[in-house]
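In my numbering, each number is its position in the sequence shown, counted from 1, plus 395.
Notes follow the structure.
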Amino acid sequence: MKQAGDKIVCLTAYDATFTAVIEAAGVDVILVGDSLGMVIQGHDSTLPVTMEDVIYHLRCVTRTSHSSLVIGDMPFMSYATVEQAITNAARLMQEGGAQMVKLEGSDTQVEIVHALASRGLPVCAHLGLQPQAVHKIGGYHVQGRGEDAALKMMQQSNSLEEAGADILLLECVPEALAKAITEAVDIPVIGIGAGGDCDGQILVLQDAIGLTAGHVPKFVNDFSGQQIHPKAAIAAYVAAVRDGSFPRKEHTFS
Ligand code: KIV
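What follows is the structure, encoded as structure tokens:
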């Protein structure tokens, strides 16, 4: 799809019903994200999410998914060492049915991505805002602003691709940097709060259909139009990513 210039439409899902609904709307990739800790479990961060939680929700999703690529998120501290990463990534695939695993990447994760990729496990590396590091970075802020930070993220993207990552996910990254990274790597780049030049977009399902209680991030568009059925909101999201009308300027950082 990257080579053909077709936008890749991704959404999170955590249960069987919405999986069927979003697949019917034409979503290409489903992420069983550790965002489940916030939108399903009600925690104020993703840190409490366990391997058992992700496996449970992966099973719910993979029972009704047939056409999309299903990615399972590696929870906080489940990939702190290479050995842990291999064991836990294999669990997400064997026990949960994930077809790819996602981990929050950085310099120190290059070795882990290599260890997984070289053993035949498909990997999505998540750069930019890394919610599992929220207490280290002091909040949910845009990442990669300024020349040094941008250069570092560009280098990390190249290293992660070389290590064998299959997809890069960029969260809360200035649009110019996300565009440069998307052009620099051959693997697909999926953005969330990273502008419209990425190869695809992802949103948390509840945000996309206007069900989020409390703070809604700047990069979110509520596709429900406040009153239409979730199925129509999801169809609007799919159409808007495909035709490039989402994200717009107001969803983008500079
Ligand atoms: O956990 C998640 O749902 C994510 C997305 C916000 C990209 O990482």
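Note that CB positions come from ideal geometry on N, CA and C, so glycine has one too.
Here the structure is a predicted model, which means the values were calculated and not measured.
Per DSSP, reduced to three states, the secondary structure at T503 is helical. Of all residues, those with a beta-carbon under 7 Å from at least one heavy atom of the ligand KIV are T407, L426, G428, D429, S430, T441, D468, K497, H521, P526, L564, E566, I587, I597, V599, reported in chain order. Residue burial is scored here from C-beta neighbours: T482 has fewer than 16 other C-beta atoms within 10 angstroms and is therefore classed as exposed. Secondary structure remark: continuous alpha helix (DSSP H) runs of at least 4 residues inside the segment 585-649, in chain order: 600-603, 625-637.
Proximity to H530 across D439, A608, I604, D581 peaks at D439, based on C-alpha coordinates.
For M469, the closest C-alpha among the options S460, S462, T459, A480 is that of A480.
Inside the segment 406-440, DSSP marks whole alpha helix (DSSP H) runs of 4 or more residues at positions 411-419, 431-434, from first to last along the chain.
Rounded to whole angstroms, the gap between the alpha carbons of V505 and S554 is 7 Å.
Between the segment 558-567 and the segment 509-519, the count of C-beta pairs closer than 8 Å reaches three or more; the two stretches touch.
Looking from the CA of G539, the closest CA among T407, A575, Q527 belongs to A575. 7 Å or more divides the Cβ of I585 from the Cβ of L572. Taking C-beta atoms under 8 Å as the contact rule, M396 and P583 qualify, at a distance of about 7 Å. If you draw a straight line from the Cα of A399 to the Cα of D594, it comes to about 10 Å.
In summary, R458 is exposed, with fewer than 16 beta-carbon neighbours lying within 10 Å of its beta-carbon over all protein chains present. For the pair of segments examined, the segment 445-454 was found to touch the segment 483-495: the number of CB pairs separated by less than 8 Å reaches three. G523 is bridged by DSSP to E566. Here the alpha carbons of E499 and P625 stand approximately 30 Å from one another. For I403, the secondary structure class from DSSP, reduced to helix, strand or coil, is strand. Rounded to whole angstroms, C567 and E490 show a C-alpha spacing of 31 Å. With 16 or more other CB atoms across the displayed protein chains lying within 10 angstroms of its CB, Q596 is buried. For D543, the three-state secondary structure derived from DSSP is helix. Relative to the Cα of K402, the nearest Cα in the group A475, G492, D638, Q601 belongs to D638. Here M396 carries a coil assignment [DSSP, helix/strand/coil].
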